[in-house]
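4 protein chains.
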Amino acid sequence: MTYTYQRTIHFADTDAAGVVYFANYLSLCHEAYEEALGAAGIDLKNFFSDNGIVIPVAKSAVDYLRPLVCGDKIAITVKPAAVAPDTFTIDYEVTRLARPAGKNAPAPRKLAAVAQTRHVCIRSENRARAELPPALAAWVAAA
Amino acid sequence: MTYTYQRTIHFADTDAAGVVYFANYLSLCHEAYEEALGAAGIDLKNFFSDNGIVIPVAKSAVDYLRPLVCGDKIAITVKPAAVAPDTFTIDYEVTRLARPAGKNAPAPRKLAAVAQTRHVCIRSENRARAELPPALAAWVAAA
Amino acid sequence: MTYTYQRTIHFADTDAAGVVYFANYLSLCHEAYEEALGAAGIDLKNFFSDNGIVIPVAKSAVDYLRPLVCGDKIAITVKPAAVAPDTFTIDYEVTRLARPAGKNAPAPRKLAAVAQTRHVCIRSENRARAELPPALAAWVAAA
Amino acid sequence: MTYTYQRTIHFADTDAAGVVYFANYLSLCHEAYEEALGAAGIDLKNFFSDNGIVIPVAKSAVDYLRPLVCGDKIAITVKPAAVAPDTFTIDYEVTRLARPAGKNAPAPRKLAAVAQTRHVCIRSENRARAELPPALAAWVAAA
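This is the structure:
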């Protein structure tokens with residue numbers, strides 16, 4: 013089941029070109045991933061601190077399709093897929109929701125970016141690969 | 013009327029000490045300010061770009077009372093007050109909502125930080141002071 | 013000619029896992045790109061604001077190879093390549109410089125990440141593609 | 013002895029108003045603090061992670077005097093002062109260095125912001141106050 017996260021673009025997300033800074037799209041996607049894990053009952057405090065097992069991002073890729081501005085409402089879909097017992101990917105679609113008419117012309121719903129992250133589970137002491145924790149493996153498998 | 017904004021602490025908010033990075037409390041407060049303006053019908057895209065009139069933060073002050081970790085639910089109250097026709101302040105209280113029992117012990121609701129920002133309206137061409145735009149002045153007065 | 017930028021990892025770059033937050037590698041690479049442009053005599057204030065022509069990042073990709081911690085010294089190489097009159101890519105290598113022996117064991121120089129960004133020049137009014145400005149085209153060609 | 017840190021404003025520091033985002037001034041000041049500690053021989057990796065003793069920021073205050081834009085060269089002075097065996101403050105002055113004539117008019121050196129942070133040393137297990145570690149106390153006393 014694909015999880016969908018909704019969010020408003022904040023001023024802190026933007027840069028001097030007036031739009032969301034390109035690196036911040038990855039932060040938006042990671043927020044959506046966190047919300048998806050939280051909705052699945054996974055405790056974020058423990059998940060993202062170093063408790064012997066860590067699951068860092070090994071790769072990221074983003075296609076930036078349309079700019080986003082402060083106040084835009086967005087929806088991000090989060091779709092994990094298993095790759096191996098220690099590895100999974102997540103596909104994200106960042107959609108700008110329709111802008112109502114205000115001072116600016118209204119604007120329809122549009123895809124703003126697509127992204128993928130690849131996550132590999134490792135032991136933090138020696139960085140050897142380890143199987144995903146069961147709760148996370150279940151979340152990946154349920155997608 | 014005091015506006016209250018709710019938010020979850022994200023991984024991107026934290027630093028290597030395991031808690032929210034101190035500068036990011038100001039970003040959290042600014043988000044709450046933006047949400048309060050949006051709820052009052054003020055268009056954020058135009059408000060925060062440079063349209064001849066800008067309303068930069070002239071001062072900020074934060075008291076950090078308790079650390080916040082990834083996954084914490086917080087509520088931020090936003091309380092503006094008029095100072096002069098071109099100036100207002102906003103007081104914020106950042107409260108960590110009660111943590112349910114999970115892997116960690118449950119924790120009661122606690123005040124995590126208090127902050128104040130001071131905002132001065134100026135013309136961007138010459139940085140001369142200017143009266144607050146009517147919609148903003150109304151928002152400040154209604155508080 | 014490949015440009016090399018040196019930098020120390022700051023506390024603000026890190027997250028609660030104790031290492032640089034994955035999205036911030038793109039910010040580090042963009043800093044290196046800015047420094048490379050500045051070294052080539054390009055005025056950054058005008059380059060990165062919206063003056064009718066903007067050159068947003070259209071794609072990014074990062075391979076994260078090793079974690080970086082607060083205080084690490086890094087070097088980033090910046091290697092642009094022309095793709096079309098309106099498009100270029102930049103390849104980055106982020107290297108952790110050797111850590112001297114301190115409280116921790118010394119550590120040799122290691123590649124920490126490789127990244128690529130793709131940049132497309134457009135007119136901001138209609139988002140139609142436009143040729144790269146001459147100074148930028150010269151910088152890309154000289155690489 | 014007052015420590016001085018020099019830095020260029022990066023695109024990631026800015027927001028859609030075209031200038032450095034107000035919360036990021038605190039990050040700039042913290043960078044300057046880190047560089048001052050590093051110059052005094054203090055190992056940053058250990059200093060800023062949680063090793064039983066942590067020294068969080070308890071208060072911050074900033075006066076924003078002038079905007080800073082991408083490409084601006086700045087200098088930040090770092091001046092610590094002892095308050096108690098477990099407490100010290102740091103005063104910062106953020107100065108924009110002179111802008112040479114380019115596409116824009118030249119601009120003289122100007123004070124852009126002043127800030128203060130207050131730091132309190134505590135044991136992380138129970139948040140009880142603790143004396144500053146000797147190397148840090150020496151750095152504060154030498155100022």
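Chains as they are written, first to last, in the working numbering: chain W, 13 to 155; chain X, 13 to 155; chain D, 13 to 155; chain E, 13 to 155.
Cβ atoms here follow ideal geometry from the backbone N, Cα and C, with glycine treated the same way.
> Considering only residues of the same chain and omitting the five flanking positions on each side of X/L38, which have a CB-CB separation below 8 Å?
Replying inline: If you number the second sequence from 1, residue 38 of chain X lands on position 26. S72, V74, A127 and T129.
>> Any beta carbon of chain D sitting closer than 8 Å to that of W/A73?
In response: Counted from its first residue, the first sequence places residue 73 of chain W at position 61. W/A73 counts as touching chain D.
> Alpha carbon to alpha carbon, what distance is there between D/G50 and X/K91?
Replying inline: Working through the second sequence from its first residue, we reach residue 91 of chain X at position 79. Working through the third sequence from its first residue, we reach residue 50 of chain D at position 38. So the alpha carbons of these two residues sit roughly 43 Å apart.
>> Please confirm whether W/A100 has its beta-carbon closer than 8 Å to some beta-carbon of chain X.
In response: Position 88 of the first sequence, counted from the start, is the residue given in the question as residue 100 of chain W. Inspection of the sequence shows that residue 100 of chain W is occupied by Phe rather than by Ala. No, its Cβ sits nowhere closer than 8 Å to a Cβ of chain X.
> Who pairs with W/E105 in a beta bridge, going by DSSP?
Replying inline: In the first sequence, residue 105 of chain W corresponds to position 93, counting from 1. Beta-bridge pairing links W/E105 to W/T89 and W/V126.
>> Which residue wins for smallest C-alpha separation from D/D55, given the options D/I65, D/A147, D/H42 and D/A117?
In response: Numbered from 1 along the third sequence, position 43 holds the residue referred to as residue 55 of chain D. Minimum Cα distance to D/D55 is reached at D/A147.
> Taking Cβ to Cβ, would you say X/A87 is nearer than 8 Å to X/Y17?
Replying inline: As a first step, residue 87 of chain X is located in the second sequence; it is residue number 75 there, counting from the start. As a first step, residue 17 of chain X is located in the second sequence; it is residue number 5 there, counting from the start. For X/A87 and X/Y17, yes; Cβs fall inside 8 Å.
> Does X/D55 have its Cβ less than 8 Å from a Cβ in chain W?
Replying inline: Within the second sequence, the letter at position 43 stands for residue 55 of chain X. Cβ-Cβ to chain W under 8 Å: yes for X/D55.
> Using the rule of at least 16 other Cβ atoms within 10 Å of the residue's Cβ for burial, across every protein chain shown, is X/R135 buried or exposed?
Replying inline: In the second sequence, counting from the first residue as 1, residue 135 of chain X sits at position 123. So X/R135 ends up on the exposed side.
> If D/Y11 and W/A70 are in contact, beta carbons under 8 Å, what's the gap, nearest whole angstrom?
Replying inline: Residue numbering for chain D in the displayed model covers 13 to 155; residue 11 of chain D lies beyond these limits and cannot be assessed.
> Cβ of X/C133 within 8 Å of Cβ of X/A125?
Replying inline: As a first step, residue 133 of chain X must be located in the second sequence, where it is residue number 121. As a first step, residue 125 of chain X must be located in the second sequence, where it is residue number 113. Contact flag unset, no.
> Rounded to the nearest angstrom, how far is the Cβ of D/L80 from that of D/V31, given a contact under 8 Å?
Replying inline: Walking along the third sequence from the start, residue 80 of chain D turns up at place 68. Walking along the third sequence from the start, residue 31 of chain D turns up at place 19. So it is a contact: roughly 6 Å between Cβ atoms.
>> Assuming the contact rule is C-beta atoms closer than 8 Å, D/A29 and W/F60 should be a hit. Round their C-beta distance to whole Å, please.
In response: Start at 1 with the first residue of the third sequence, and residue 29 of chain D comes out as number 17. Start at 1 with the first residue of the first sequence, and residue 60 of chain W comes out as number 48. Rounded, the Cβ-Cβ distance is 6 Å, consistent with contact.
>> Using only the alpha-carbon positions, how far apart do X/I21 and X/D84 sit?
In response: Looking up residue 21 of chain X in the second sequence gives position 9. Looking up residue 84 of chain X in the second sequence gives position 72. Their Cα atoms are separated by approximately 5 Å.
> Are there 16 or more other CB atoms within 10 angstroms of the CB of W/V66, so buried, or fewer, so exposed?
Replying inline: Here residue 66 of chain W is taken as the residue at index 54 of the first sequence, counted from 1. It is buried - the Cβ of W/V66 has at least 16 other Cβ atoms within 10 Å.
> Which parts of the stretch 37–95 of chain W are runs of the alpha helix (DSSP H), unbroken and 4 residues or longer, counting only runs that do not cross its ends?
Replying inline: 56–59
> Within 10 angstroms of its Cβ, does X/R139 collect 16 or more other Cβ (buried), or is it exposed?
Replying inline: Taking the second sequence and counting its residues from 1, one reaches residue 139 of chain X at position 127. It counts as exposed.
> How many Å lie between W/V95 and D/A154 at the Cα?
Replying inline: Stepping through the first sequence from its first residue, residue 95 of chain W is reached at position 83. Stepping through the third sequence from its first residue, residue 154 of chain D is reached at position 142. W/V95 and D/A154: Cα-Cα distance of roughly 41 Å.
> Hey, out of D/N58, D/P145 and D/D103, whose CA is closest to D/P97's CA?
Replying inline: Sequence index remark: in the third sequence, residue 97 of chain D carries index 85 (1-based). Ranking D/N58, D/P145 and D/D103 by Cα distance to D/P97 puts D/P145 first.
> So with Cβ pairs under 8 Å, would you call E/N58 a contact of chain X?
Replying inline: Position 46 of the fourth sequence, counted from the start, is the residue given in the question as residue 58 of chain E. Interface residue (Cβ-Cβ distance to chain X less than 8 Å): E/N58 is not classified as such.
>> Quick check: the Cα distance between W/F23 and E/V152, rounded to an integer number of angstroms?
In response: Against the first sequence, residue 23 of chain W aligns to sequence position 11. Against the fourth sequence, residue 152 of chain E aligns to sequence position 140. A straight line joining the alpha-carbon of W/F23 with that of E/V152 spans about 36 Å.
> Using a C-beta cutoff of 8 Å, does W/Y76 count as contacting chain D?
Replying inline: Here residue 76 of chain W refers to the residue found at position 64 when the first sequence is read from its first residue. With 8 Å as the cut-off, W/Y76 counts as an interface residue toward chain D.
> Under the rule that 16 or more other beta-carbon atoms within 10 Å means buried, what is D/E47, buried or exposed?
Replying inline: What you label residue 47 of chain D is simply residue 35 of the third sequence in a count that begins at 1. When all chains shown are included, D/E47 counts as buried.
> At what residues does the alpha helix (DSSP H) containing X/P97 begin and finish?
Replying inline: For this step, residue 97 of chain X is matched to residue 85 along the second sequence. First-last for X/P97: undefined, no H or E at that position.
> Name the chain W residues whose beta carbon is nearer than 7 Å to that of X/G83?
Replying inline: Locating residue 83 of chain X in the second sequence gives position 71, where the first residue counts as 1. Within chain W, the residues near X/G83 are G50, D55, L56 and K57.
>> When you compare the CB of X/G64 with every CB in chain E, is at least one pair closer than 8 Å?
In response: Here residue 64 of chain X refers to the residue found at position 52 of the second sequence. Chain E has no Cβ within less than 8 Å of the Cβ of X/G64.
> Ordered along the chain, which non-local residues of its own chain (more than five positions away) have a Cβ less than 6 Å from that of X/P120?
Replying inline: Against the second sequence, residue 120 of chain X aligns to sequence position 108. Correct list, in chain order: A110.
>> Can you check whether the C-beta of X/L123 is within less than 8 Å of a C-beta belonging to chain E?
In response: Residue mapping note: residue 123 of chain X aligns to position 111 of the second sequence, counting from 1. No, X/L123 does not count as interfacial toward chain E.
> Distance, Cα to Cα, E/G9 vs D/D27?
Replying inline: Beyond the ends of chain E as shown, which are 13 and 155, falls residue 9 of chain E; an answer cannot be given.
> Of all the residues that make up the stretch 33–49 of chain D, which are near chain X by a beta-carbon distance shorter than 8 Å?
Replying inline: Y33 and A35
>> Is E/V69 close to chain X? Criterion is C-beta to C-beta, closer than 8 Å.
In response: For the purposes of this step, residue 69 of chain E is taken as the residue at position 57 of the fourth sequence. At least one CB of chain X lies nearer than 8 Å to the CB of E/V69.
>> On a Cα-Cα basis, can you pick out the residue from W/D25, W/P112 and W/P118 that is closest to W/L40?
In response: On the first sequence, position 28 is the one that residue 40 of chain W refers to. For the residues W/D25, W/P112 and W/P118, the minimum Cα distance to W/L40 belongs to W/D25.
> Could you give the distance in angstroms between the alpha-carbon of D/Y104 and the alpha-carbon of D/P112?
Replying inline: What you label residue 104 of chain D is simply residue 92 of the third sequence in a count that begins at 1. What you label residue 112 of chain D is simply residue 100 of the third sequence in a count that begins at 1. Cα-Cα distance, rounded: 25 Å.
> How would you list, in chain order, the residues of chain C whose beta-carbon sits under 8 Å from the beta-carbon of X/H22?
Replying inline: Of the protein chains in the structure, W, X, D and E, none is chain C.
> Based on the DSSP output, what are the partners of X/T11 in its beta bridges?
Replying inline: The structure shown does not extend to residue 11 of chain X, since chain X spans only 13 to 155, so no value can be given for it.
>> On the DSSP bridge list, what partners appear for E/R121?
In response: As a working note, residue 121 of chain E is residue 109 in the fourth sequence. Per DSSP, E/R121 has no beta-bridge partner at all.
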